[in-house]
Each structure stands twice: as C-alpha cells, then as structure tokens.
Amino acid sequence: MRYITTVDGETFEVEINSESEITVGGRRLQVDFQSVAGQPVYSLILDGQSYEAYVYPSDQGLDVLLLGQLYHIAVEDERQRRLRQASGMQISPSGELHLKAPMPGLIVAIPVIEGQQVNQGQDLVILESMKMQNELKAPREGTVTRVRVKPGDSVEQNQILVTLV
Amino acid sequence: MFSKVLVANRGEIAVRILRACRELGMNTVAVYSEADRSSLHVRYADEAYLLGPAPARESYLRGDKIIEIARRSKAGAIHPGYGFLAERDDFARAVEDAGLVFIGPRASAIAAMGDKAVARATVTAAGVPIVPGTEGEGNLRDEEIIAIAPKIGFPLLIKATAGGGGKGMREVTGPEQMADLLQSARREAESAFGDGNVYLEKLLTNARHIEFQILADSGGNVIHLGERECSLQRRHQKLLEESPSPFIDDELRQRMGEVACTAARAVEYLNAGTIEFLVDADHNFFFLEMNTRLQVEHPVTEMVTGVDIVKEQIRVARGRKLRYSQEDIKLKGSAIECRINAEDPYNNYLPSTGTLNQIIPPTGPGVRVDTGVYPGFEISPYYDSMISKLICWGETRGEAILRMRRALEEYRILGVKTNIPFHQNIMDSHRFMGGQYDTRFVEERFSMDKAEEAKPSRSDIAAIMASLVAHRLSQQASQIVRRGERDTSNWKWVGRWERMNR
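Chains as they are written, first to last, in the working numbering: chain G, 2 to 166; chain D, 54 to 555.
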C-alpha cells in the first residue's frame, strides 16, 4: 500500500511492503511498529533506530507528538488523492462553522449577539472551567447566526455554543 | 501535643502532607468531596470523611464541617495545604477556638498579609521597599480607582485584594481599558475568593519574580531557605520554578533574605511562609506580597537545602524550636520544577478534561514527582488543572536542565492533553538556558513553533509513524466491513445451526 503523507507542507511517499518493511523515498527500511500498552503511544524501531511518539487523530488527519514537537500530518492513499484532485478545491473558508465547548464548564459571558459581524480572533464566548476564565475566539471572520447558550448555563464538552456563517 | 493531623486539602499537596505525617509517625485524616472519592489522598490516609458535593464551596471550603470532622475523629491539628482555606484568617481563628492547632501562621498574621493592601502598609512601616500602588487606600470604588490610575501610571495591574494565583488580575495598558478590565477583574475575584475588592499596582517591565522561603518558630527564630525564581509565568500563572535563581548572587541573596526575614518579623510570623519580590534589571527589589502558607513550588527549595519543609511546619506547630539556624542553610546544586497541567499548549493552553488512561512517570537519579492522580483517574473541571509537579535536581543548573529534559521525554500521560511539550520547548530554549528570562518571556519572546530554536526536524520519522497508523486504521476498518459477510442475519443463522444440531 502506498501513502502520500504531508507533514506541515512537506510531502513523503511511504510504501508499506509488509509488516516489517517499508519503502520511503526509494529506500527500503526494516520496521517494527507497536502500540505501547494499547494506547495511542507508538514505539517504532526503524533499521535499529528507536523512536516513541504519540499519534492522535485530528481534524485534518493525524497529529504526531515526537520528541517534544508536534507535527500536523495528512495521510492519503492514491485513491483518496485522485478523488481530491478530481474535486479540485479544498474546504473553503465559508459555510457554517460551529464553535463547540472544548471542555465542560460554565458560560460566564457571550460578548456577541446574533447577526453580529465578527473578525478572526474576536472573543465569542467566555467559558469558566477549572477556575479559569477561557476566552473562546472566532477561528475565522463571519457573521454570528445563532447563539445557543446564555450566561449561567452549564455546558458539556463539544456542545455547540455559537454558529458562524 | 497532637499526634493526629487532618489534611484539609486534596490532590498532590494533600498527598505531600500525608507523607510528611507518616514519616513523623502521625495518624492522618483525609477529607474529600464526592468527586474525589477515588483520589490518592483518600486512599493514603488512615481515615477519610466525606465533605459534600464536588464544587469547592460545598466541600473543601466548608471550614465548619472540616472542624467538626477534626473533632469527631479526634485529630489535634489541621493542615490547610495551599489554596482553599489556607489563607483564611477566620478559618485559622475558628480552628484555634475549637481547641485545635492550625498548622500555619497565627490568624493575625494571615489577616495582616492576606489583605494585600494592609500587607503593603505593614512592611513599608518596617522599612521594606514596595512597588508603587494604591496600598493603604482601603477598598476603593470604581470611580476612585479610575481617577487614581493615571497617577500611578500605565501599564499597571489590577489585582484582587484577596487574590493569588493570577486570579482576578488584569493588566491595563491605557486609561480607556480601565472600566472594562475592572469589571472582569472584580467578577473573577468574586467567583474565586468571594471578595470582589481590587487594588492597583504599577507594572514593572522586564522584572523578575523572586521569592524567599521563610521558616519561623514560636520562639521568635526566623530563617530563610534561599530564593525561588518564579519568573516563568503565563498570564501570571507560574509554570516553572527554580532554585537558586540564575539572576542573583550571594550578596544580593543575603540582602534580600534579611529583608524577607524583617518583613516576616513585622507580623510576628510563625511557621512556613513566602515573601515575594519583584526584582528589576538593575537588581532593585520590591516587596510584592507574602504568601502565608506552603507554596506549590516548595520542593525546589527542599531539593537544594535538604530541609523537609512540611515536616518542619508540623514540628513548629507542635511548639518545637526550628532544627536549623541561618548558618546551617546552604544551597547545594540546582533544582527545577515543571508544573504539569492538563492543558493543550498547541491550542491556546485550553484546559483538557478526561480520564487518565495511562501514566508512565519518569524515575531515576535526581527526579521527584509529586502527584495526586493515577491511571483511571478523571480530571474534572471542578478543581485546577495541575496533574503533577516534576522536580529535577542537578549538581549544577546545567545538569538540572539536562535531567529535566530527560525526565520530560520519559513522562507519558495518556487520556488528556498536557503541557509537557511546552516545558520541553522551554528546556531547549537558548534564552532559558542562559537564564535570560523575565515575567514576560513566555508571552512575548517564546513560541511553540519548532523552527524558532532551529531544532532538527524529524518530520520524516513523524511521516512514517503517521503512515503506519493510518495503514492500521484502514485495515481495521476493512475488517469490520468483512465481518458481516454472511448473506443472512446472524440470528437466523444461529437458529438454523441449532435446529441442525437437534
């Protein structure tokens, strides 16, 4: 199986030949790849070099935390790449965007109202959790179409708070 | 004298205090909220009693219930730890009135130092330099504060009178921001401390935050255990502390230490406490505040002095004399503490909640981990986000940094996001290694971006790992599809099979 893997803009071709061998950029390498205790931590022995990293699913693909550095990675097989190239454009910066609660907490204030135009980075919701007040900011500019919570509400993780268009 | 201690706290500090009690042969009583039934402090104590529901207001802040439990369990003393009731003079007084020993300073000293405005007035009278601000003005109304602000000059800080830990604190760069920030500071102070009063203080730029550990006994002996460098902060929350400070020399240490002891004597201080100073680039130092309790970062001092501060607190509370004189205190080597918090350094440091699936703590020479959690523990939104404190000691500061790097790399915490990568980046930062940082370093001159310190990128290895994981995931997905290969439902199939075997 051949994968086209993009790491923060840099592209690698990784071909998985078998459980114990891969080809990267034309070079064949011996691999021994295991998850540590069934967790999203992986141990990799690559031609005798030992590495350990966290690998988490993320919005764009996978996040790899290796030696104190975070890498945002998109992995595509050839079929997926063709599909994407055929469809032309990537996700556009318009469309509905739901601001979700990143953690459970208490709504302290909502400094925006429905219909308001907001800029990227503007505060949308102030959420108190773990005794800290956290400002949740607009990930891009847009118009607030719905405010689904009010100050004093307790919210669960991933609950939709505000919708932008 | 007492031989059973009630620990009126939770988390790592409760565990820390229980350990000291154990080593002194004392019996221990834990108290806990409904959210903490499975916490380590409950399991480690000899006795444990439920306080109430998870919110602190209904559990760890219920001084009346705690005193009642102490009586019922025949504990002779209460150790408040830090936070919660630790700096409440009314609680300390109630404990004494109940005929119990409060392991900490006298209620009068907590009151004098706890009200930051009174504290500033008291130490000024003893000749200790302070940062300009609205000290001694009492509790001001909004209009008065806004009127005084330009006289102090911008930038300035709005601080909660009952404050600590950066809560209820706001930085103001110009007069137009005063009204809004005043409101939000009061709101946060009200919710954190039940007291919305605030005062103003000039913001010193390029300043360092250096504090001195004080120990005092009832015989009037006051000594200091050297300093802790706490300049590495984010939004006024300390993240990393070290001792000794790379910024000050023996001469300055001695002068500051003497001033710290003078400030402590000014309020007839007893037990352990900390005097915080701001030190400017020209080595001028100003009294900031006194913390009348055990500090989160006390282990770095323990590592370089060899003094067990909590045990010393208990001895002093039992009326004993300090085991050390100032001459006995020698700083040996260098220690660094990293606060490991459940927060995501790659997403604006937002707190992360969830269940800790797996924890592999670092061990080995010179490494200490103070924690109150274990695998299977749930990080809840009710309390602060600190998971543990990782402390490393080295013969030199360089060795301590290298050891901390090694320990951070060994540390595995799964289930929540942690700020371990943040600390790893700090340990790799050339400015940190050179000791060139102040209280603004993290916000103004530090970035999690890997290109910053020109570190070698291992994007090739990351790409291989991600590809292998993606490959596994797609294989698992195809196996799930394959499982339902039979053309009839499994129930129907089982029915036929059973009939066939009749």
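Ideal Cβ placement from N, Cα and C applies to all residues, glycine included.
The beta strand (DSSP E) with H73(G) in it runs from where to where? In the first sequence, the residue the question calls residue 73(G) occupies position 72. Where H73(G) is concerned, the enclosing beta strand (DSSP E) stretches over 70-78.
Say whether chain G places a C-beta atom closer than 7 Å to the C-beta of S438(D). As a first step, residue 438(D) must be located in the second sequence, where it is residue number 385. It does; some Cβ of chain G falls within 7 Å.
Could you tell me whether any Cβ in chain G is nearer than 7 Å to the Cβ of R465(D)? The residue you call residue 465(D) lines up with position 412 of the second sequence. For R465(D), the answer is yes, since a Cβ of chain G falls inside 7 Å of its Cβ.
When the cut-off is 7 Å and only beta carbons count, does P106(G) lie next to chain D? Sequence index remark: in the first sequence, residue 106(G) carries index 105 (1-based). The sequence as given places Gly at residue 106(G); Pro does not occur at that position. So, interface residue.
Roughly how many angstroms separate the alpha carbons of K8(D) and V148(D), rounded to a whole number? The requested residue 8(D) is not part of the displayed model; chain D covers only 54 to 555.
According to DSSP, simplified to helix, strand and coil, what is H336(D)? The sequence position of residue 336(D) within the second sequence is 283, counting from 1. Coil.
May I ask you to list, following chain order, the residues of the stretch 67-79 of chain G that have a beta carbon less than 8 Å from some beta carbon of chain D? L67, L68, G69, Q70, L71, Y72, I74, V76, D78
Integer-rounded CB distance, given that A523(D) should sit under 8 Å from Y4(G): By 1-based counting over the first sequence, the position of residue 4(G) is 3. By 1-based counting over the second sequence, the position of residue 523(D) is 470. Right, their Cβ atoms sit about 6 Å apart.
Taking L71(D) as the reference, give the member of I328(D), E280(D), A101(D) with the closest Cα. Here residue 71(D) refers to the residue found at position 18 when the second sequence is read from its first residue. Of the candidates I328(D), E280(D), A101(D), the one whose C-alpha sits nearest the C-alpha of L71(D) is A101(D).
Nearest neighbour of L30(G), chosen from S21(G), V37(G), S36(G), I127(G) [CA to CA]: In the first sequence, residue 30(G) corresponds to position 29, counting from 1. Cα-wise, what sits closest to L30(G) is S21(G).
R110(D) classed as buried or exposed, judged by whether at least 16 other C-beta atoms fall within 10 angstroms: Counted from its first residue, the second sequence places residue 110(D) at position 57. It counts as exposed.
Would you report the Cα separation of T7(G) and F494(D), rounded to the nearest angstrom? If you number the first sequence from 1, residue 7(G) lands on position 6. If you number the second sequence from 1, residue 494(D) lands on position 441. Cα to Cα, T7(G) sits roughly 33 Å from F494(D).
Can you find the residues in the same chain that come closer than 6 Å, C-beta to C-beta, to E87(D), ignoring five residues on each side of it along the sequence? By 1-based counting over the second sequence, the position of residue 87(D) is 34. P106, A107, listed in sequence order.
Quick one: does V320(D) have its CB under 7 Å from some CB of chain G? In the second sequence, counting from the first residue as 1, residue 320(D) sits at position 267. Closer than 7 Å: no.
For S284(D), does the three-state DSSP call read helix, strand or coil? Locating residue 284(D) in the second sequence gives position 231, counting from the first residue. Strand.
Buried or exposed (CB count within 10 angstroms, at least 16 for buried), H99(G): Position 98 of the first sequence, counting from 1, holds the residue named residue 99(G). Under this definition H99(G) is an exposed residue.
Measure the alpha-carbon distance for I66(D) versus T406(D) and round it to whole angstroms. Residue mapping note: residue 66(D) aligns to position 13 of the second sequence, counting from 1. Residue mapping note: residue 406(D) aligns to position 353 of the second sequence, counting from 1. Taking the straight line from one Cα to the other gives about 20 Å.
For R147(G), I'd like the list of residues in its chain whose CB is within less than 8 Å of its CB, leaving aside the five on either flank, ordered along the chain. What you label residue 147(G) is simply residue 146 of the first sequence in a count that begins at 1. Closer than 8 Å at the Cβ level, and outside the excluded window around R147(G), lie E115, V163, T164.
Could you check whether the Cβ of I46(G) sits closer than 7 Å to any Cβ belonging to chain D? Here residue 46(G) corresponds to residue number 45 of the first sequence, with the count starting at 1. So no, I46(G) is outside the interface.
Buried versus exposed call for R549(D) [16 or more other C-beta atoms within 10 Å across all chains shown]: As a position in the second sequence, residue 549(D) is number 496, starting the count at 1. Answer is exposed; the Cβ neighbour count stays below 16.
Spatial neighbours of R456(D) within its chain, please: C-beta separation below 6 Å, excluding the five flanking residues on both sides. If you number the second sequence from 1, residue 456(D) lands on position 403. Cβ within range, chain order: G419, C445, G447.
Taking the runs of the alpha helix (DSSP H) that are 4 residues or longer, which of them lie wholly in the stretch 359-442 of chain D? 362-370
What are the boundary residues of the beta strand (DSSP E) that includes T144(G)? In the first sequence, counting from the first residue as 1, residue 144(G) sits at position 143. Taken as a continuous stretch (DSSP letters only), the beta strand (DSSP E) holding T144(G) covers 143-148.
Apply the 10 Å Cβ neighbour rule to E2(D) and answer buried if 16 or more other Cβ atoms are within range, or exposed otherwise. A query on residue 2(D) cannot be resolved here, the shown segment of chain D reaching from 54 to 555 and no further.
Note down the Cα distance separating Q91(G) from V166(G), rounded to an integer number of angstroms. Here residue 91(G) refers to the residue found at position 90 of the first sequence. Here residue 166(G) refers to the residue found at position 165 of the first sequence. Here the model assigns Q91(G) a pLDDT of 41, short of 50, so the residue's position is not dependable, and the following value carries that caveat. Distance between the alpha carbons of Q91(G) and V166(G): 18 Å.
Return no unless some Cβ of chain D is closer than 7 Å to the Cβ of A38(G). Indexing the first sequence from 1 puts residue 38(G) at position 37. A38(G) counts as touching chain D.
Measure from the C-beta of M90(G) to each C-beta in chain D and report whether the shortest distance is under 7 Å. By one-based count along the first sequence, residue 90(G) stands at place 89. With a pLDDT of only 39 at M90(G), under the threshold of 50, the placement of this residue in the model should not be trusted; the figure read from the coordinates follows. Not an interface residue.
Could you tell me which of Q529(D), R96(D), R146(D) sits nearest to I120(D), measuring between CA atoms? Position 67 of the second sequence, counting from 1, holds the residue named residue 120(D). When each option's Cα is compared against that of I120(D), the closest is R146(D).
Do the CB positions of N472(D) and M501(D) come within less than 7 Å of each other? Position 419 of the second sequence, counted from the start, is the residue given in the question as residue 472(D). Position 448 of the second sequence, counted from the start, is the residue given in the question as residue 501(D). In this structure, M501(D) does not lie closer than 7 Å to N472(D) by Cβ.
Would the beta-carbon of T327(D) fall within 7 Å of that of Q266(D)? Sequence index remark: in the second sequence, residue 327(D) carries index 274 (1-based). Sequence index remark: in the second sequence, residue 266(D) carries index 213 (1-based). Closer than 7 Å, so yes.
Which residues in the same chain as F330(D) place their Cβ atom closer than 7 Å to its Cβ, once the five residues preceding and following it in sequence are excluded? Translated into positions along the second sequence, residue 330(D) becomes position 277. Excluding sequence neighbours, F330(D) sits near I263, E264, M309, F338, F339, F340, L341.
According to the neighbour-count rule (16 or more other Cβ atoms, all chains shown, within 10 Å of its Cβ), is P398(D) buried or exposed? Your numbering for residue 398(D) matches position 345 in the second sequence. The residue is buried, with at least 16 neighbouring Cβ atoms inside 10 Å.
Using a Cβ-Cβ cutoff of less than 6 Å, which residues in the same chain neighbour A325(D) once the five nearest sequence positions on both sides are dropped? Walking along the second sequence from the start, residue 325(D) turns up at place 272. If we look at A325(D) and ignore the five residues flanking it on each side, its Cβ neighbours are L268, L347, I362, Q366.
Give the straight-line distance between the Cα atoms of F55(D) and P185(D), rounded to the nearest whole angstrom. Translated into the one-based positions of the second sequence, residue 55(D) becomes position 2. Translated into the one-based positions of the second sequence, residue 185(D) becomes position 132. Spanning the two alpha carbons is a distance of roughly 44 Å.
Measure from the alpha carbon of P404(D) to the alpha carbon of each residue in V32(G), M133(G), V156(G), Q160(G), then state which is nearest. In the second sequence, counting from the first residue as 1, residue 404(D) sits at position 351. Considering only alpha carbons, the answer is M133(G).
The stretch 231-251 of chain D / the stretch 275-285 of chain D touching (three or more Cβ pairs under 8 Å): no
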